[in-house]
Amino acid sequence: MTNKLKYFIGNWKMFGDFASFKIIHKINQYIQNNKIQKKNRIVLCVPNILINFFIKKLKNKSIYIGAQNCHHQQDYGPFTGGVSARMLKKMGAEYIILGHSENRLEGETPKLIKKKIISAHNQKLNVIFCIGESNKEKRSGKTFSALSKQIKLSLDKKTNFNKIILAYEPIWSIGTNKIPNSNELEKIIRFIKNNIKKNFKTKKIPKVLYGGSVNSKNIKILSSIYEIDGFLIGGASQSVKKFIDIIKKYYK
Ligand code: PGA
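Here the sequence shown stands for residues -15 to 236, numbered as in this note's numbering.
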């Protein structure tokens, strides 16, 4: 374990209402009382309708609030039901998850994700860009080529690498209680960092998080993997106890 800044990012998915503020409040309080915000960045990515409500209600903010997706058009426009990066920024979001496999499965293409990343960066949002292979790709030995392709099609030399974090989330590990074995995971995270360094000639190598079934039981194994810069946590981030237990056990 090192002193590098660690990210614990919650992805609430389609969960929450006004009463869920108590979860945000308690997590914020824990971070403050334990003074862990200097070496950890805690971000909760919540449904759009709750972003501004949470931000306004939160006093002495030690956590960050983010969104989970946006329209590719960054401004206002004739897109029924759409929410743009500008609107999210105005609501107070500082981070945004893009390219999540649940949205890719609904038809979001790498090209569309690329446009969304540009829109989010134009609005100075920090992007959490998700990539990951399917079970089929893994079984046929195509993990590395699948990841390379996702990176290549959604990023380019003009990408602002100061404001992007990657999240490696194998699709087969999301919500399944399965995580990759440590050696594999270490290799993959290193591969992602090297791929970006080599292909985009950037001095700033982005942080790479792991996501998929992270919980307080497997966090100890995950914490021993040096290359991992933090975690994208789905289901367990909807509970104060489960989320805080992950942070506590990480440092135990
Ligand atoms: P999970 O989800 O932690 O519930 O597996 C992770 C994610 O989808 O970001």
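Idealized CB from N, CA, C, for every residue including glycine.
Going along the chain, which residues of its own chain have a beta-carbon closer than 7 Å to the beta-carbon of Asn161, five neighbours each way excluded?
Ser197
Going by the beta-carbon positions, is the gap between Pro164 and Glu117 smaller than 7 Å?
no
CB Asn12 to CB Ile49, shorter than 7 Å?
no
Consult DSSP for Tyr79 and reduce its assignment to one of helix, strand or coil.
strand
Give the range of the beta strand (DSSP E) segment to which Val192 is assigned.
192 to 195
Hey, Lys100 and Cys29 are a contact pair by Cβ (cut 8 Å); roughly how many whole angstroms apart?
At roughly 14 Å, the Cβ-Cβ gap does not stay under 8 Å, so Lys100 and Cys29 are not in contact.
Sorry if obvious, but does the Cβ on Ser207 come closer than 6 Å to a heavy atom of the ligand PGA?
no
Hey, could you find the ends of the beta strand (DSSP E) Tyr60 is sitting in?
From DSSP, Tyr60 is part of no beta strand (DSSP E); its letter is neither H nor E.
With DSSP run on the structure shown, which of helix, strand or coil describes Asn(-5)?
strand
In this structure, does DSSP put Val224 in helix, strand or coil?
helix
Should the segment 71 to 82 be regarded as contacting the segment 91 to 108, the criterion being three or more beta carbon pairs within less than 8 Å?
yes
Are Ser207 and Tyr234 closer than 7 Å when you measure CB to CB?
yes
Tell me the rounded alpha-carbon separation between Ser103 and Asn178.
26 Å
Mind reading off the beta-carbon distance from Ile230 to Ser200? Whole number of angstroms is fine, and I expect it under 8 Å.
5 Å
Is the beta carbon of Leu216 within less than 6 Å of some heavy atom of the ligand PGA?
yes
Tell me the DSSP secondary structure of Asn24 in three-state form.
strand
Which residues bound the beta strand (DSSP E) around Phe145?
No beta strand (DSSP E) contains Phe145, which DSSP labels as neither H nor E.
Determine whether the beta carbon atoms of Pro190 and Ile148 lie at a separation below 7 Å.
yes
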